[in-house]
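Novice:
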Amino acid sequence: QYTKVFGPTILECFEKDASTGEPKRPILDQLLENDLIFEKKLFSMLTPEVTTKLSSPEFSEKSSFLLVGIEAHVCVQQTCLDLLEQGNDVHIIVDGVSSQQPIDRQIALQRMQAAGAYLTTAQSAAFMLMQSAEHPNFKTVSKLTVEHMKLKNEFNE
1 QYTKVFGPTI LECFEKDAST GEPKRPILDQ LLENDLIFEK KLFSMLTPEV
51 TTKLSSPEFS EKSSFLLVGI EAHVCVQQTC LDLLEQGNDV HIIVDGVSSQ
101 QPIDRQIALQ RMQAAGAYLT TAQSAAFMLM QSAEHPNFKT VSKLTVEHMK
151 LKNEFNE
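Just so we're aligned, residue 1 is where the sequence shown starts under full-length UniProt numbering, counting upward by one.
(1) Could you compute how far the alpha carbon of Lys143 sits from the alpha carbon of Gln106?
(2) Would you report the Cα separation of Gln78 and Ser44, rounded to the nearest angstrom?
(3) Could you give the DSSP three-state label for His91: helix, strand or coil?
(4) In the DSSP assignment, the beta strand (DSSP E) including Ser64 goes from what residue to what residue?
(5) Within 10 angstroms of its Cβ, does Ser19 collect 16 or more other Cβ (buried), or is it exposed?
(6) Between the Cα of Val146 and the Cα atoms of Glu71, Ala122 and Leu83, which residue gives the shortest distance?
(7) So Ala117 packs on Val90, CB below 8 Å; how close in whole Å?
(8) Going by DSSP, what residues sit across from Val97 in a beta bridge?
(9) Going by the CB atoms, is the gap between Val94 and Leu129 shorter than 7 Å?
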């Protein structure tokens, strides 16, 4: 929900269903008008197509990335390490990454942090992006934060 407030600044990757050629999950109806989607063929999100897009003038000055995703110890970690290797700042949204086994997530977070990534939360990142209560979306983000905290999960119990 936070990305809807801050606009289409994310690169969405998906895997195709081998039998239909369609995305494996229903992302297309959730995308904003200007969101970018790329087929994901590697564990790292830095596919050749994404790397080319990040080199384009509209993205070339961006050097800070917020990462969320599943399989923190595989896809998120490989993307993180690739971005760090290129000299970028990488922020891992710890309440936005998961793994099937808690130990895999824990070790992945430790490894990414040791490699130079910053660990943060969705709420912290959202308020960091706004910088002040004068941001035009402050009230919307504050409301989302209240709703987010109502969800019971391993991060807020």
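The C-beta atom is built at its ideal place from N, Cα and C for all residues, glycine as well.
Specialist: According to the structure data:
(1) 29 Å
(2) 5 Å
(3) Assigned with DSSP and collapsed to three states, His91 falls in strand.
(4) Ser64 to Ile70
(5) exposed
(6) Ala122
(7) 4 Å
(8) Gly69
(9) no
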